[in-house]
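Report on one structure; see the data block that follows.
2 protein chains.
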Amino acid sequence: MRNILIIEDDTDIAELITYNLQKAGYKTHHAVNANEGLIILGEVACDIILLDLMLPGLKGMEFLKIIRSNDEYSNIPVIIISAKTHEQDIISGLNTGADDYLPKPFSMEMLLAKINTILRRGASWTGRAANILEYQGIKLDDANHKVYVDGREIKLTHKEYELLRLFLSNPDTIFSRDRLLNSIWGYDSQSYTRTVDAHIASLRKKLLSYGDVIISVSKTGYGLK
Amino acid sequence: MRNILIIEDDTDIAELITYNLQKAGYKTHHAVNANEGLIILGEVACDIILLDLMLPGLKGMEFLKIIRSNDEYSNIPVIIISAKTHEQDIISGLNTGADDYLPKPFSMEMLLAKINTILRRGASWTGRAANILEYQGIKLDDANHKVYVDGREIKLTHKEYELLRLFLSNPDTIFSRDRLLNSIWGYDSQSYTRTVDAHIASLRKKLLSYGDVIISVSKTGYGLK
DNA sequence: TAATTTTGTAAAATAAATGTAAAAAACCCC
DNA sequence: GGGGTTTTTTACATTTATTTTACAAAATTA
Chain E
1 MRNILIIEDD TDIAELITYN LQKAGYKTHH AVNANEGLII LGEVACDIIL LDLMLPGLKG
61 MEFLKIIRSN DEYSNIPVII ISAKTHEQDI ISGLNTGADD YLPKPFSMEM LLAKINTILR
121 RGASWTGRAA NILEYQGIKL DDANHKVYVD GREIKLTHKE YELLRLFLSN PDTIFSRDRL
181 LNSIWGYDSQ SYTRTVDAHI ASLRKKLLSY GDVIISVSKT GYGLK
Chain D
1001 MRNILIIEDD TDIAELITYN LQKAGYKTHH AVNANEGLII LGEVACDIIL LDLMLPGLKG
1061 MEFLKIIRSN DEYSNIPVII ISAKTHEQDI ISGLNTGADD YLPKPFSMEM LLAKINTILR
1121 RGASWTGRAA NILEYQGIKL DDANHKVYVD GREIKLTHKE YELLRLFLSN PDTIFSRDRL
1181 LNSIWGYDSQ SYTRTVDAHI ASLRKKLLSY GDVIISVSKT GYGLK
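Chains as they are written, first to last, in the working numbering: chain E, 1 to 225; chain D, 1001 to 1225.
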């Protein structure tokens, strides 16, 4: 499922967009300002960003510049949504690195058409930084969705694959179970059970001799050694 | 140098665009109607197409559909330029496979910003497939549109053939159902049913003892073993 | 160290995705 | 427009994946 990050301080608009995107089968994440957007980007591998320009605090264009100069995020497509509709605004948005510019007000149909247009092209860039991730004898080829241990391919289930990819893309981070549930499962874990632990266990087993590169930090979560 | 194909019957506009694009360092090609456009596409590997919708003869949208359902050209980005500026025109243009839509009149600066935005993504790769593809006992002769299993010809339907060719040309890739729908069927594959699976099943059956070289990766898609 | 909490893990229960045949619909070629 | 073919949809069987459970083991706390 595709993750879409909505950065928009007007919660009415954000909710409207959220409602429609979810209906269209997307997973949405909402930030009310740029800093919150950056935090979510750190937690969730987003496929597209909808960016309002008029934000409190860090402005939309500043955010866009940060994104575009950051290795990990520079490939994520950005659609600007803004009440500024002058030609010069649009041109400067595009030239700063946005992929499209949608003047407010806009119809949901138009928004969906633009999202689909961009994602259609997206087969070749996955919204994630590197296509091949390596860690010790583990190699993850994201374009081809394959994982190798010491050069030998192993078969992972989808959740195991997502976990491994998240760890490999953030080798220094310890992820709490909540954060893992948010990034990979996509819901708030109200009464959490042992789901994450079970998947970690089976992933470790499939990684054979590298199973112990995934460490658990008591009361904190999981991450790479 | 990037090649840009301009399909526009109004020669004044075409000349204006040509002048500005050349000044910006692009190589331009001009067609006054869709058929001429097709001829140029056959001769020049174009990186982007600017398409006027109101053309004499074959209409712009028809041309777009042809492009998008042709293996060789389907990846070339298309920007529609048109005097039709109603929301529904734009949406239907995007959903037919255009990458952007520029209402007339437009400024050269805007056109250049849009062209640069699209080319920045480097979307243009005109991968020309080999003429004969082989994988284990399967042989696909693309020039003659024939498929052999252990030297014996088998009859495939068009969709089966396209699937097989896509797999054989990308033996390491696992294709999601969405991507298969995009590549082989067309773009607005909204409500997908089990179409892809059904075709995979019949293709497997026709491949006889090699049916299981097409593997399914749960929640991910299909590809070669 | 004992009590408590947290994590590991196998296996059962549940849920979801895929395989497949066949009916229905669409397409195509006289 | 009719007859054959291809494509899509449907329904159900089968397989695979995910979640939950229960208990063991390890870590943390007091």
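Built from N, CA and C at the ideal position, the CB exists for glycine as well.
For Met108(E), no Cβ of chain D is located within less than 8 Å of the residue's own Cβ. Interface annotation, Arg1121(D): in contact with chain E, CB-CB separation under 8 Å.
The C-beta of Gly1060(D) has 16 or more other C-beta atoms within 10 Å across all chains shown, which makes the residue buried. Annotated three-state conformation of Asp1142(D) is coil, per DSSP. The residues Val1149, in chain order, have a CB closer than 7 Å to that of Leu1208(D) in the same chain once the five nearest residues on each side in sequence are set aside.
Residue pairing for Gly223(E): DSSP places it in a beta bridge opposite Ile174(E) and Ile215(E). Taking CB atoms only, His199(E) has no neighbour in chain D less than 8 Å away. Residues are counted here when their Cβ sits less than 7 Å from a Cβ of chain E; for the region 1205-1224 of chain D these are Val1217, Ser1218, Lys1219 and Thr1220, given in chain order.
Within 10 angstroms of the beta-carbon of Glu1153(D) lie fewer than 16 other beta-carbons, which makes it exposed.
For Ala14(E), the three-state secondary structure derived from DSSP is helix. Chain order gives no chain D residues near Ala45(E), where near means a beta carbon separation below 8 Å; the closest approach is about 16 Å.
Distance from the CA of Asn170(E) to the CA of Leu41(E), rounded to the nearest whole angstrom, comes to 12 Å.
For the beta strand (DSSP E) assignment, the uninterrupted runs of no fewer than 3 residues enclosed by the region 1036-1077 of chain D are, from N- to C-terminal side, 1048-1052.
Apart from sequence neighbours up to five positions away, the residues of its chain that approach Ile1174(D) with a beta-carbon distance below 6 Å are Val1217, Thr1220, Gly1221 and Gly1223, ordered along the chain.
Closest by C-alpha distance to Asp1052(D), out of Leu1181(D), Ala1113(D) and Ser1082(D), is Ser1082(D). Per the coordinates, the alpha-carbon of Leu203(E) lies some 40 Å from the alpha-carbon of Asn1095(D). In the three-state reduction of the DSSP assignment, Glu162(E) falls in the helix class, which pools H, G and I. Ranked by Cα distance from Asn1116(D), the options Asp142(E), Asp99(E), Arg120(E) and Ile215(E) are led by Asp99(E). In this structure, the CA atom of Thr1195(D) is about 25 Å from the CA atom of Glu1062(D). Asn3(E) is a Cβ neighbour of Asp47(E), given a cutoff of 8 Å. Under DSSP, no beta-bridge partner is assigned to Asp9(E).
DSSP places Lys1205(D) in the uninterrupted alpha helix (DSSP H) bounded by Thr1195 to Lys1206. Secondary structure of Arg1002(D) (DSSP, three-state): coil. Glu109(E) and Ile1006(D) have their C-alpha atoms some 28 Å from each other.
With a threshold of 8 Å between beta carbons, Thr1173(D) makes contact with chain E. For Asp1100(D), the pairing in a beta bridge is given by DSSP as Ile1079(D).
In this model, His1029(D) and Ile1013(D) are separated by some 13 Å (Cα to Cα). Residue range Met108 to Arg121 is occupied by the alpha helix (DSSP H) that includes Leu111(E). Residue state for Lys23(E) is assigned as helix, using DSSP reduced to three classes. Relative to the Cα of Leu1021(D), the nearest Cα in the group Gly1057(D), Leu1181(D), Val1078(D) and Leu1112(D) belongs to Leu1112(D). At the C-beta level, Leu1050(D) and Ile1076(D) stay beyond 8 Å of one another. Spanning the alpha carbons of Met1054(D) and Thr85(E) requires a straight line of approximately 26 Å.
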